[in-house]
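In our numbering, the protein residues as written are 2 to 310.
Where is the CB? At the ideal position from N, CA and C, for every residue including glycine.
These figures come from a predicted structure and were not determined experimentally.
To start, the structure itself, in C-alpha cells.
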C-alpha cells in the first residue's frame, strides 16, 4: 500500500510503500478514496503522540474490498465511511483495516470527498449538542469558531434540531456561515461578541481563546458551554477547571467525541436526506498532505481540508 508517513525526528511527511493490511476478526479492509484532515490530527502530532507506522488521518471514505471473520453488516463493494480517531488513526493511505463498529454506509447523495468530512467532525458536533448541552428545540446557541469542520456541521445540526443559531467567524467566512443557517453572525474582526449582553442556552467553543468566566457569564440560567477546541490553554482550562464553573444552574463541560457506528448512521441519514452538507475548503492529492496540515495549523480553512487518493 501507499501511505503518507510522518517522521517525528525531522517533522516531515513522505510517501512510502508499506505492506498491505489484512483485516482481522470483525474488521473491514477499505480501499480509501478520500480522507479529511482534523485539528485532532495536528494536535496529536504537536504533542508527539505518533500513530502506528506514522500514518495520521481519522476520517475516511472508500470501498470495502475485504471482510474479516465475524463481520455481518457490510460486504465487498459497499461504499462506506469510517472514524479512526479512536483506533489509532491510519487513514492517510490507500488501504486501511478498521473495526466494523466504526463504519457506516456513505450517503448516496455525497461524493467521497464530501462524505470524508462527516465522521469525526460530525460526531463531535452531534455529541456536543445532544449529549453534553442537551439541546432542545427553540434553544439559543452560540458557536464560537463556526467556519471550520466542526462549526459548519454544528450550525446545520443545531438548526435541524430547531435551535436558533448565532455564530462567530472571520470576515471572509461570514457569508458561508450565514448561508448554513446562522441567524446572527459576529465578524470577530469588527465586533467583539464578548462585550454584548446577550445570553445563550448553549455555547459551543469550537475555536478561540477566552477565559472560562467569559463563556459562563454569557450563559442563561440552566445553560451549558461545551469546550471542543480552540487554543491549548482554552482546552486545558476547561479540562482542569471546568468543573469549578459547573456548580449551580450553569455549566462548562469539555468534550471529546466517542466514535461509534450509530452516530455515523445518524449523520449519514441526515446528509442523505439533504439536511447536512459538509463544507470543503480544499481538495489536495495525497503527496500534498503537508500543505493540507499547514492550512490546519494556520486556521485558514473554511470547512474541511480533504486529501483525495
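(message) By the DSSP assignment, the beta strand (DSSP E) with residue 29 in it spans what residues?
(response) That run of the beta strand (DSSP E) goes 28 to 37.
(request) Below 7 Å CB to CB, which residues in the same chain sit around residue 1 once its five sequence neighbours on both sides are set aside? (result) As displayed, the chain neither begins before 2 nor continues past 310, which places residue 1 out of reach and without an answer.
(message) Tell me the DSSP secondary structure of residue 21 in three-state form.
(response) DSSP places residue 21 outside both helix and strand once states are collapsed to three, so it counts as coil.
(request) Please classify residue 208: is it buried, with 16 or more other beta-carbons within 10 angstroms of its beta-carbon, or exposed? (result) The residue is buried, with at least 16 neighbouring Cβ atoms inside 10 Å.
(request) For the alpha helix (DSSP H) containing residue 189, list its first residue and its last residue. (result) Careful: residue 189 lies outside any alpha helix (DSSP H) and carries neither H nor E.
(message) Between the alpha carbons of residue 307 and residue 131, how many angstroms are there, rounded?
(response) A straight line joining the alpha-carbon of residue 307 with that of residue 131 spans about 27 Å.
(message) Let's see if you can read the secondary structure: which residues bound the beta strand (DSSP E) around residue 44?
(response) Bounds of any beta strand (DSSP E) do not take in residue 44; it lies within the alpha helix (DSSP H) bounded by 40 to 47.
(request) In the DSSP assignment, find the alpha helix (DSSP H) that holds residue 229 and state where it starts and stops. (result) It is not in any alpha helix (DSSP H) - residue 229 carries neither H nor E in the DSSP assignment.
(request) Would you kindly report the start and end of the unbroken alpha helix (DSSP H) that includes residue 269? (result) Here the alpha helix (DSSP H) through residue 269 covers 262 to 273.
(message) Do residue 161 and residue 271 have their beta-carbon atoms positioned less than 8 Å apart in this structure?
(response) Yes, these two residues count as a Cβ contact at 8 Å.
(request) Leaving aside the five residues before and after residue 268 along the sequence, list all residues of the same chain whose C-beta is less than 6 Å from its C-beta, in chain order. (result) These residues qualify, in order along the chain: 119, 123.
(request) Mind checking which residues open and close the beta strand (DSSP E) that includes residue 108? (result) Taken as a continuous stretch (DSSP letters only), residue 108 belongs to no beta strand (DSSP E), as it is neither H nor E.
(message) With the cut-off set at 8 Å, would you say residue 94 and residue 56 are in Cβ contact?
(response) With contacts defined by Cβ atoms closer than 8 Å, residue 94 and residue 56 form a contacting pair.
(request) Might you give, ordered along the chain, the residues of its own chain that have their beta carbon closer than 8 Å to the beta carbon of residue 1, omitting 5 neighbours on each side? (result) No information on residue 1 is available, as it lies outside the stretch 2 to 310 that the chain covers here.
(message) According to DSSP, residue 14 sits in a beta bridge with which residue or residues?
(response) DSSP lists 7 as partners of residue 14.
(request) To the nearest angstrom, report how far apart residue 128 and residue 142 are at their CA atoms. (result) Going from the Cα of residue 128 to the Cα of residue 142 covers about 15 Å.
(request) Would you kindly work out how many angstroms separate the C-alpha atoms of residue 144 and residue 257, rounded to a whole number? (result) Computed Cα separation, rounded: 17 Å.
(message) Per the DSSP calculation, residue 203 is bridged to which residue(s)?
(response) Residue 203 is bridged to 142, 225.
(message) What residue range does the alpha helix (DSSP H) around residue 175 cover?
(response) From DSSP, the alpha helix (DSSP H) with residue 175 extends over 175 to 181.
(request) Answer yes if the stretch 73 to 88 comes into contact with the stretch 104 to 112, meaning at least three C-beta pairs across the two stretches below 8 Å, and no otherwise. (result) Contact between the stretch 104 to 112 and the stretch 73 to 88 is present, because at least three Cβ pairs lie under 8 Å.
(message) Could you check whether the stretch 3 to 11 touches the stretch 61 to 78, counting it as contact only if at least three pairs of C-beta atoms, one from each stretch, sit closer than 8 Å?
(response) Verdict: no, contact absent.
(request) Within the same chain, show all residues whose beta-carbon is closer than 8 Å to that of residue 276, passing over the 5 residues directly before and after it, in chain order. (result) Once the five neighbours on either side are set aside, the close Cβ partners of residue 276 are 157, 161.
(message) In the DSSP assignment, the beta strand (DSSP E) including residue 280 goes from what residue to what residue?
(response) For residue 280, no beta strand (DSSP E) segment is defined, and its DSSP state is neither H nor E.
(message) Closest to residue 264 by C-alpha separation, out of 92, 98, 126, would be which residue?
(response) Here the closest residue by C-alpha is 126.
(message) So, with DSSP's three-state summary, where would you put residue 116?
(response) Correct three-state label for residue 116: helix.
(request) Please name the residue in 14, 210, 11, 183 whose C-alpha comes closest to that of residue 193. (result) Closest option to residue 193, Cα to Cα, is 210.
(request) Return the first residue and the last residue of the alpha helix (DSSP H) that residue 154 is part of. (result) For residue 154, the enclosing alpha helix (DSSP H) starts and ends at 150 to 161.
(message) Taking 6 Å as the limit between beta carbons, can you name the residues of its chain near residue 155, skipping five residues before and five after?
(response) The beta carbon of residue 155 is closer than 6 Å to those of 126, 144, 205 in its chain, skipping five residues each way along the sequence.
(request) Consider the Cβ of residue 67: report whether some Cβ of chain C lies at a distance smaller than 8 Å. (result) Of the protein chains in the structure, only one exists, and it is not chain C.
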